[in-house]
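Chains as they are written, first to last, in this note's numbering: chain A, 2 to 320; chain B, 2 to 320; chain C, 2 to 320; chain D, -2 to 101; chain E, -2 to 101; chain F, -2 to 101. Structure record follows, encoded as structure tokens.
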Amino acid sequence: MENLLSPVILFFILGGLAAFARSDLTIPETLSKTLSLYLMAAIGLKGGVLIASNGFTLDLLFAGTAGLLLSFLLPILAFAILRSFGKLDTVNAAAVSAHYGSVSVVTFITANQVLSDKGMAPAGYMIAVLALMETPAIISGLFLAKRGSTLSFQPNSDLLRETLLNGSIVLLTGSFIIGIIIGKDGFEPIAPVFETGFTGLLCLFLLDMGLLAVRRLRNARSLTLRLVILGIAFPIINGLIGTIIGAAVGLDVGTTTALAMLAASASYIAVPAAMRLALPKADAGLYLAMSLAITFPFNVIIGIPLFNQIAIYMVQLWS
Amino acid sequence: MENLLSPVILFFILGGLAAFARSDLTIPETLSKTLSLYLMAAIGLKGGVLIASNGFTLDLLFAGTAGLLLSFLLPILAFAILRSFGKLDTVNAAAVSAHYGSVSVVTFITANQVLSDKGMAPAGYMIAVLALMETPAIISGLFLAKRGSTLSFQPNSDLLRETLLNGSIVLLTGSFIIGIIIGKDGFEPIAPVFETGFTGLLCLFLLDMGLLAVRRLRNARSLTLRLVILGIAFPIINGLIGTIIGAAVGLDVGTTTALAMLAASASYIAVPAAMRLALPKADAGLYLAMSLAITFPFNVIIGIPLFNQIAIYMVQLWS
Amino acid sequence: MENLLSPVILFFILGGLAAFARSDLTIPETLSKTLSLYLMAAIGLKGGVLIASNGFTLDLLFAGTAGLLLSFLLPILAFAILRSFGKLDTVNAAAVSAHYGSVSVVTFITANQVLSDKGMAPAGYMIAVLALMETPAIISGLFLAKRGSTLSFQPNSDLLRETLLNGSIVLLTGSFIIGIIIGKDGFEPIAPVFETGFTGLLCLFLLDMGLLAVRRLRNARSLTLRLVILGIAFPIINGLIGTIIGAAVGLDVGTTTALAMLAASASYIAVPAAMRLALPKADAGLYLAMSLAITFPFNVIIGIPLFNQIAIYMVQLWS
Amino acid sequence: MVVTTPRKKIEILIDRPLMKRLRQITKDVELSGYTVFDAIGGEGGQGRWRDDQVTGGAGSKVLFISILNEEKAKEFLTAIEPLLDEYGLLVTVSTVEVIRADRF
Amino acid sequence: MVVTTPRKKIEILIDRPLMKRLRQITKDVELSGYTVFDAIGGEGGQGRWRDDQVTGGAGSKVLFISILNEEKAKEFLTAIEPLLDEYGLLVTVSTVEVIRADRF
Amino acid sequence: MVVTTPRKKIEILIDRPLMKRLRQITKDVELSGYTVFDAIGGEGGQGRWRDDQVTGGAGSKVLFISILNEEKAKEFLTAIEPLLDEYGLLVTVSTVEVIRADRF
Ligand SMILES: Nc1ncnc2c1ncn2[C@@H]1O[C@H](COP(=O)(O)O)[C@@H](O)[C@H]1O
Ligand SMILES: Nc1ncnc2c1ncn2[C@@H]1O[C@H](COP(=O)(O)O)[C@@H](O)[C@H]1O
Ligand SMILES: Nc1ncnc2c1ncn2[C@@H]1O[C@H](COP(=O)(O)O)[C@@H](O)[C@H]1O
Ligand code: NA
Ligand code: NA
Ligand code: NA
């Protein structure tokens, strides 16, 4: 509950309400783009610096493998459900499923904030896991889409390159590496921008996310009730799977929750861009609405505290 | 005088001089939009946090009522003068008068800075008063415009909704409420962005305001000498009324000055947008030039120190 | 070497690599514009505040004169080489040479960072020298271009005005003066934005510069091997001249290095804009590629540490 | 050989805040669609302007473009005609060839 | 008296991420050049959209414009025709007069 | 039934810094008005470009559009013709129908 009273969440709600009330409040596109680039760089640096001081651990290996597998396999489950219960055609089901296999950086960041406030900060290497989970789901998604509408039109390898070189992934990974190189001391001079300012700027970004989410919801023609249900069911299912695996491989509560949120979250940066290219026939309005307008708010408001509780329970269980 | 030597004012002057010398210095639109959103959020949060710690007082009730009345009534006076001495037609007189009944957030913010530096920081609830004063003047303005050019074309209620839901008002009020909810402790993590960075970013915004003001002045075809005179007379008249009322209801010097500046200032965010919609026949170039290019600079450079002096005198008088 | 491990340089390299790998990472135009305005204001203020506390010295006179002469004369040397070895026609040779006479603010800023980290911070007045060196080279360049293609079309004086009033120059000089006026105490409230945040924001800007540099290189049709060679030879030659003069007039190591970097650097803000206006026939793709894609990276990565070493040696020599 | 069919292209330069009014009209006459572009400045009888979003966009303009068939074009023009002076609209109509003409 | 020659003007409204595909085609058919503009929003059969760069531009569109001669125009249209539905392109062709016709 | 009259539409793609020169010409030939739009990128004989405002806009272009009558169009074209090559302008002329033709 007190999660809801953090400024970050409150600004998200403010954005949602403003859009809901049809206020003309808008965050300039460049600002949101800037903020999302900033968050990528900041979180990347943070992770790198943490690794630099704590070093690599076996846990990273476990969590990394778990993350990779989740990103590869979750889309298959989602695809099946989207086809059957969701009543979507192959292409759209494949496109949507890829989003749920991949991750939402901002959901992760928000979880990170909340957990840190509770003194359960996840391990720094989870940011590496975050980066690892971005793309495999895209490959699974394309594999599920089978038929090569555009694939005929351009080689798969080409697309894979484009996906791996997606701007935000490059910035995230690059900053992560820079963080490892510069370490705690090298980070100090830039900390005022990338650390001290973080929470405040995150508020502005979530204000925008609130606006975007509700506006997307309003303009999403092809969103059926069944799909709305799945937009909530997927994070629950995937989050649970994430929590179980996290606890199973022996991660601490914070880190387990983080893994759960990675599994539960749906991408709305790297994957949509990739799907637009690889499966242009798929309805962008649909997958963006599901990941951005339904799953994201659910995770930020309900998912984080929920999976944190479950994680606490699970971790006890296993130890 | 030392008011003039604060970096905030100096950047405003720099902007003015640059535009005056026809330098091609321009602040990207998105940046100014971003800064104005930032200032709204920051000032809103500040007010809310102050309320959270000081609680509501009777003064708020007094100041609030005073503010509402001023916003409702000042346009009527202005309208009369604009019609007679200003030689404006009904529509334009009404549109302009609405601006002077409403308030300029940045003038208020600048006054706030200057007063705080002098150790006379206005009470936090004045930010609530600021929000209260944004819209009533618009209603008076439309009332004065009587004839329903577009009003026929779309219901008044609709327009009122649009005005109350103006992006900046929503952000200001929303942040104010968030401030109240999170209070001093919740504000701490975001303070680096919304408090520490405030003055510096205000400098950049005022640099842009300086540019905008002079460029508007240069491109304002319909601006007559009489209207220029009124652009200076209005803040003086309204500011005096504000000071008297403030002192009368027993506000302290800082708070009285703040009320005076609210009365003296003219809106250039919420009202222009509303007027463009409600009275499209009114000349936007005219009301923007008056509020932004004449009254704003006057208030920032002369008005603030002037009314501060008067307030000091008045408050003594009444106590 | 440890120069290469500073976050600022690492982000520059990251940008370069991203563009090289054809990642779609892009920094919104408005953000880069904003950052470059910010850097101008921040460096200007810094210089002014330093002058305010240290006062003017004879050194400033020496360094200033040296800077002016360099800016006026370096283009002549460059022009000769560009015509002969570079095989460029008059107009293009003139346009390019103007860039090398003028200065790159960001190269200077980066040098400043690196030197300060090494405890050899250049004197504050070098920022005045920086401002002084921006424009003379443009006059030399136009003089070299002789033939009055557009000069017929518009008076020289007009162009000179436009150049001196170039936005970034006005902002730099204006902030410098503001810095002198407000001094150390007046600067304090805005220091969080213009000082504390500086290095972090510089990282973001250099990330963008890395992207721009490599993309320019890729799209530069008219860039020959000979011109690439000159893009590296010029900074070495000019930097050496700068170091010698700096040491000769008795500047300390840090300040000498700064003067060297001013001489070695090529403008990509004020001069390109001026050349586009004055010599539209000159190939913008060419001079931007040389100054931004070859000389800038060379200076930032190799030039700074190199000339710092040479300066250390030279200064010893003369004392 | 790709077949193309002539359609009308209506372009309207309008103040940003008035866009929502224009949008209402597109709903009323049931246009198949439209696209909006940002203008950064201009000059005319009432003087010069630059895009300026501080003032709630009151000082900035956008370009509204819609491709439609002859009848809809007539209908749409008739609907906006009364607002021309009041809103200070700049309206141009031209003919363009489109592929997949049926969607318009 | 300035001489002008008629040329074709092809305008394509396309999703930002698909631009790189379209660019590939311009290379294949060897267009002399093109220019790109940013669209800020619109509405159509699939609903409303606003420029939205957070989502990797998946939700934003740009306008591609190229001036070319009759033959190139035919060639180019034939090349993009198959992508029309898949990419949801909005294509218009019109005739404009140009100076220095040889460059196109 | 709304009456429309044919007018000329002149579009010029020009480097941002040169805009002030072009504006001077609009003053000289006394154009009734013009509107400017931002281009975000393109490709041509001299290679590719993207909007790039760091370099004082030297690397970015804008689209200048003016609606005018036959005579003014001739006059304006004659005035810019000498600058075509030097400024690397891309100029197109087309015919559009306008309402309230008198203002142009
Ligand atoms: N002849 C024209 N061609 C293109 N745009 C124009 C023209 N006349 C006016 N405009 C645009 O419409 C705006 C308002 O025009 P006006 O009401 O005449 O000041 C101007 O600022 C220009 O952006
Ligand atoms: N008739 C039209 N005129 C102008 N733009 C259109 C038109 N129809 C569609 N568009 C644009 O194309 C986009 C996609 O159209 P649709 O696929 O019909 O939703 C819309 O959001 C508009 O931006
Ligand atoms: N055929 C064309 N159609 C549209 N835009 C063009 C065309 N040719 C050139 N351009 C634009 O004009 C710019 C300069 O052209 P160029 O001088 O040929 O490199 C290009 O970068 C494009 O933005
Ligand atoms: Na996931
Ligand atoms: Na007022
Ligand atoms: Na130089």
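For glycine and all other residues, C-beta sits at the position ideal for the given N, C-alpha and C. Since we're looking at a predicted model, the values are computed, not measured.
Next on the checklist: Let's test the definition: count the other Cβ atoms within 10 Å of the Cβ of valine 0 of chain D and tell me whether it reaches 16, buried, or not, exposed.
Outcome noted: exposed
Next on the checklist: Taking the alpha carbon of threonine 2 of chain F as the reference point, which residue from D:Asn66, D:Ser57, D:Val88, D:Ile22 has its own alpha carbon closest?
Outcome noted: D:Val88
Item to check | Those residues which DSSP pairs with proline 3 of chain D across a bridge | outcome: D:Glu94
Next on the checklist: With distance defined between alpha-carbon atoms, name the residue in C:Leu203, C:Ala67, C:Ala129, C:Asp159 nearest to isoleucine 245 of chain C.
Outcome noted: C:Ala67
Next on the checklist: Can you find the residues in the same chain that come closer than 7 Å, C-beta to C-beta, to alanine 264 of chain C, ignoring five residues on each side of it along the sequence?
Outcome noted: Leu71, Leu75, Asn239, Gly240, Ile242, Gly243
Checklist entry - Where leucine 15 of chain B and leucine 38 of chain C are concerned, what is the direct C-alpha to C-alpha distance, given to the nearest angstrom? => result 14 Å
Next on the checklist: Counting C-beta neighbours from all protein chains within 10 Å, is the total for alanine 43 of chain C 16 or more, i.e. buried, or is it exposed?
Outcome noted: buried
Item to check | Own chain residues within Cβ distance below 8 Å of isoleucine 77 of chain B, not counting five before or after | outcome: Ser98, Ser141, Leu145
Next on the checklist: Below 7 Å on C-beta distance, what does asparagine 300 of chain B contact in chain A?
Outcome noted: Under the 7 Å cutoff, chain A gives no residues; its nearest Cβ is about 26 Å from asparagine 300 of chain B.
Checklist entry - Using the beta-carbon of each residue, which ones in chain F are nearer than 7 Å to leucine 81 of chain D? => result Ile96, Arg97
Checklist entry - Residue ranges of each alpha helix (DSSP H) run of no fewer than 4 residues wholly in the region 49 to 123 of chain A, ordered along the chain? => result 59 to 85, 91 to 102, 106 to 118
Item to check | Stretch-stretch touch, CB-based, cutoff 8 Å, three pairs: the region 198 to 210 of chain A with the region 88 to 98 of chain A | outcome: no
Next on the checklist: Here's the rule: buried if 16 or more other CB atoms are within 10 angstroms of the residue's CB, otherwise exposed. What is serine 22 of chain B?
Outcome noted: For the record, residue 22 of chain B in the displayed sequence is alanine; it is not serine. Exposed: under 16 other Cβ atoms inside 10 Å.
Next on the checklist: Within the continuous beta strand (DSSP E) that includes leucine 60 of chain F, where are the two ends?
Outcome noted: 58 to 65
Checklist entry - Does DSSP put serine 320 of chain B in a helix, in a strand, or in coil? => result coil
Item to check | beta-carbon asparagine 167 of chain B near ligand 5 non-hydrogen atom, thresh 7 Å | outcome: no
Checklist entry - Which residue comes first and which comes last in the beta strand (DSSP E) that contains valine 215 of chain B? => result First-last for valine 215 of chain B: 199 to 220, but that is the alpha helix (DSSP H), not the beta strand (DSSP E).
Next on the checklist: Excluding the 5 residues flanking phenylalanine 101 of chain F on each side, which residues of the same chain have their C-beta closer than 7 Å to its C-beta?
Outcome noted: Arg4, Ser29, Ile64, Leu65, Asn66, Val95
Next on the checklist: With H, G and I counted as helix, E and B as strand and the rest as coil, what does DSSP make of glutamate 8 of chain F?
Outcome noted: strand
Next on the checklist: Tell me the DSSP secondary structure of phenylalanine 297 of chain B in three-state form.
Outcome noted: helix
Checklist entry - The beta strand (DSSP E) spanning glycine 44 of chain E covers which residue range? => result 44 to 47
Item to check | leucine 87 of chain E - partner residues in DSSP beta bridges | outcome: E:Leu10
Item to check | Between the CA atoms of isoleucine 128 of chain B and glutamate 163 of chain B - distance to the nearest angstrom | outcome: 21 Å
Checklist entry - Listing by chain order, which chain A residues have their CB less than 7 Å from the CB of serine 24 of chain C? => result Leu166, Gly168, Val171
Checklist entry - Out of curiosity, what's the CA-to-CA distance linking cysteine 204 of chain A and phenylalanine 13 of chain A? => result 7 Å
Checklist entry - Using 8 Å as the limit for Cβ to Cβ distance, is glycine 56 of chain F near chain D? => result no
Item to check | Chain-order list of residues whose beta-carbon lies under 6 Å from that of leucine 143 of chain A (same chain, five-residue window excluded) | outcome: Ala279
Next on the checklist: For a cutoff of 8 Å on Cβ pairs, would you count threonine 136 of chain C as touching chain B?
Outcome noted: no
Checklist entry - Ends of the alpha helix (DSSP H) at tyrosine 288 of chain A? => result 285 to 289
Next on the checklist: Looking at ligand 4, does it come within less than 7 Å of threonine 102 of chain A, judged from the CB to the closest heavy atom?
Outcome noted: For the record, residue 102 of chain A in the displayed sequence is glycine; it is not threonine. Yes; taking the cut-off as 7 Å, the Cβ of glycine 102 of chain A has a heavy atom of ligand 4 nearer than that.
Next on the checklist: Let me check you understand the geometry: is the CB of phenylalanine 195 of chain C closer than 7 Å to at least one non-hydrogen atom of ligand 3?
Outcome noted: no
Item to check | Neighbour-count burial assignment, glutamate 68 of chain F, 16 or more Cβ in a 10 Å radius | outcome: exposed
Checklist entry - Any heavy atom of ligand 2 within a distance shorter than 7 Å of the CB on isoleucine 62 of chain E? => result no
Checklist entry - Roughly how many angstroms separate the alpha carbons of lysine 24 of chain D and valine 93 of chain F, rounded to a whole number? => result 25 Å
Checklist entry - Listed from N- to C-terminal order along the chain, which residues in the region 280 to 292 of chain A have their beta-carbon within a distance smaller than 8 Å of any beta-carbon of chain E? => result Pro281, Lys282, Asp284, Ala285, Gly286, Leu289
Next on the checklist: Quick test of your reading: glycine 343 of chain A and serine 54 of chain A, contact by CB under 8 Å. State the CB separation rounded to the nearest angstrom.
Outcome noted: A query on residue 343 of chain A cannot be resolved here, the shown segment of chain A reaching from 2 to 320 and no further.
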